[in-house]
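Heads up: the structure comes next, in structure tokens.
Protein chains: 2
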Amino acid sequence: MIRLYDYWRSSAAYRVRIALNLKGLAYESVPVNLLAAEHTAEDNLARNPQGLVPTLEIDGATLTQSVAIIDYLDATRPDPALLPSDPLGRARALAGALAVTSDIHPIANLRVLKRLETQFGADQPAKEDWYRHWVRTGFDALETIAKAAEGPFLGGPAPGLADICLVPQMYNARRFEMQVDAWPTLVAVDAACTTLPAFAAAHPDRCKP
Amino acid sequence: MIRLYDYWRSSAAYRVRIALNLKGLAYESVPVNLLAAEHTAEDNLARNPQGLVPTLEIDGATLTQSVAIIDYLDATRPDPALLPSDPLGRARALAGALAVTSDIHPIANLRVLKRLETQFGADQPAKEDWYRHWVRTGFDALETIAKAAEGPFLGGPAPGLADICLVPQMYNARRFEMQVDAWPTLVAVDAACTTLPAFAAAHPDRCKP
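Line by line, the protein sequences give chains G and C.
For the first sequence, position 137 (counting from the first letter as 1) is numbered 137 according to UniProt numbering, and the numbering increases by one without interruption.
For the second sequence, position 131 (counting from the first letter as 1) is numbered 131 according to UniProt numbering, and the numbering increases by one without interruption.
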């Protein structure tokens, strides 16, 4: 039994849902409501010391951090591969993924926007401005990276880790009403991904409790 | 010839310096002065579309993102190993590393502190308060993770990727005058690391141009 501690709108949880679907792995989704602060409750902290989602229970182990989880799934369930097996291809895929998961999402997620409010009294427009600044900075770089990729996916002919990380961030950017046309290659990659059933089934609208 | 585009005080570059030293790899360090905005200059953007450091030139390739670079070094120069070869150990090591590289450092680095200043008029004490909040949040979780590790390193009997990520963050926290005694296990891990020549030689004070 694979169990995902999940929140429908969490980008990091969305990544793991896509990966599980691409691997064809059935799982039970257990909602952890971030808006109700369930992530900071004792039971979530016991399984995820950072008080975050996602957490994955699999093979008798409890795993945290979406990129580490997806790397584990790829090592233990290699088909279809989500990361290239050659070290150079792997390094490039990982770098593309980390450009989203380290350098966009953690600076612009719910807990950071909340802190802007409590520490600096940021109102909704100021928080949106902050959010859009970091997405813009990250997507500008990622568009350059994407243009150099073979396509139609960042991972080449099949979707991989970088695609899995891009799609939730793109969903998120649209939710913040960003004009994503500025990044045509990213929009094309996102469109290629979202037609696939594995991506479609992981979409927040399909995972809302 | 291995060439590292480096900045002596960058945590991410410091990680790669440690890894190169642990692997016994000689390299040329090319300084990219972040304070002089050299990272946003055209030549740096050409090698690193995100306009960040580090970038590593190795084996005819140009690699970005410290965690991806270290993973590449480990795949191509396996001795000594910086990540466990079993998928579960690997997932745990990667999760410990990402708890620093995704969930502390990117929220509290120079470009974010600068943005707090330009967008919210944050003064030095406000920026330090922001910095310390995210380090405290991350180190609280990491202390729990570290307590469960075998020791003396996060990686067990030998230093690994998570240790490589912890040490620069600990250096950074001390630079911001944080009382790190609140995390005794992390302080012990840091002390065990910093006695090793590979860590000592990568220290910013030793790499200042």
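Where is the CB? At the ideal position from N, CA and C, for every residue including glycine.
Local conformation of residue i per DSSP, three classes
i	result
I145 of chain G	helix
L82 of chain C	coil
E177 of chain C	coil
L4 of chain C	strand
I104 of chain C	coil
L63 of chain G	strand
G96 of chain G	helix
G155 of chain C	coil
H133 of chain C	helix
L25 of chain C	coil
E38 of chain G	helix
Q50 of chain G	coil
E128 of chain C	helix
D71 of chain G	helix
D140 of chain G	helix
R77 of chain C	coil
Per DSSP, cross-strand counterpart(s) of residue i
i	result
I164 of chain C	BP columns for I164 of chain C are empty, so no partner.
Endpoints, the alpha helix (DSSP H) within which residue i is located
i	result
E42 of chain C	42–47
A13 of chain G	11–22
R206 of chain G	204–207
A198 of chain C	197–200
Other residues of its chain near residue i: CB distance less than 8 Å, five sequence neighbours each side excluded
i	result
P197 of chain C	N21
L52 of chain C	A12, H39, T64
L154 of chain G	A93, G96, I145, A146, G160, A162, D163, L166, V189
L186 of chain C	F139, L142, E143, A146, L166, M170, V180
L25 of chain G	I2, L73, R77
M178 of chain C	R132, V135, R136
Contacting residues, own chain, Cβ-Cβ under 6 Å from residue i (five flanking each side not counted)
i	result
R17 of chain C	A202
M170 of chain G	D190
Y131 of chain C	A108, F176
L56 of chain C	L4, L63, I69
A149 of chain C	none
N48 of chain G	T55, T64
C207 of chain G	W8
V112 of chain G	none
P204 of chain G	W8, R9
Y27 of chain C	I2, L4, L20
W183 of chain C	F139, E143
S29 of chain G	L4, D6
P156 of chain C	Sequence inspection shows Gly at residue 156 of chain C; the Pro mentioned does not correspond to that position. These residues qualify, in order along the chain: E150.
Beta strand (DSSP E) segment containing residue i, residue limits
i	result
P31 of chain G	28–31
residue 266 of chain G	In the structure as shown, chain G begins at 1 and stops at 209. Residue 266 of chain G is therefore absent and cannot be evaluated.
A188 of chain G	Here A188 of chain G belongs to no beta strand (DSSP E); instead the alpha helix (DSSP H) covers 184–194.
L56 of chain G	55–58
Any C-beta of chain D under 7 Å from that of residue i
i	result
Q65 of chain C	The chain inventory of the structure shown lacks chain D, comprising the protein chains G and C.
Cβ shell of residue i (< 7 Å), same chain only, five flanking positions each side left out
i	result
F199 of chain G	I18, V167, C193
I107 of chain G	W134
A97 of chain G	V67, L161, A162, C165
G138 of chain C	A99, V100, D103, I104
residue 244 of chain G	Residue 244 of chain G lies beyond the stretch modelled for chain G, which goes from 1 to 209, so this question has no answer here.
P84 of chain C	R90, A93
A173 of chain G	V135, V180
Y72 of chain C	L63
P209 of chain C	W8, P31
E128 of chain G	F176
F120 of chain G	none
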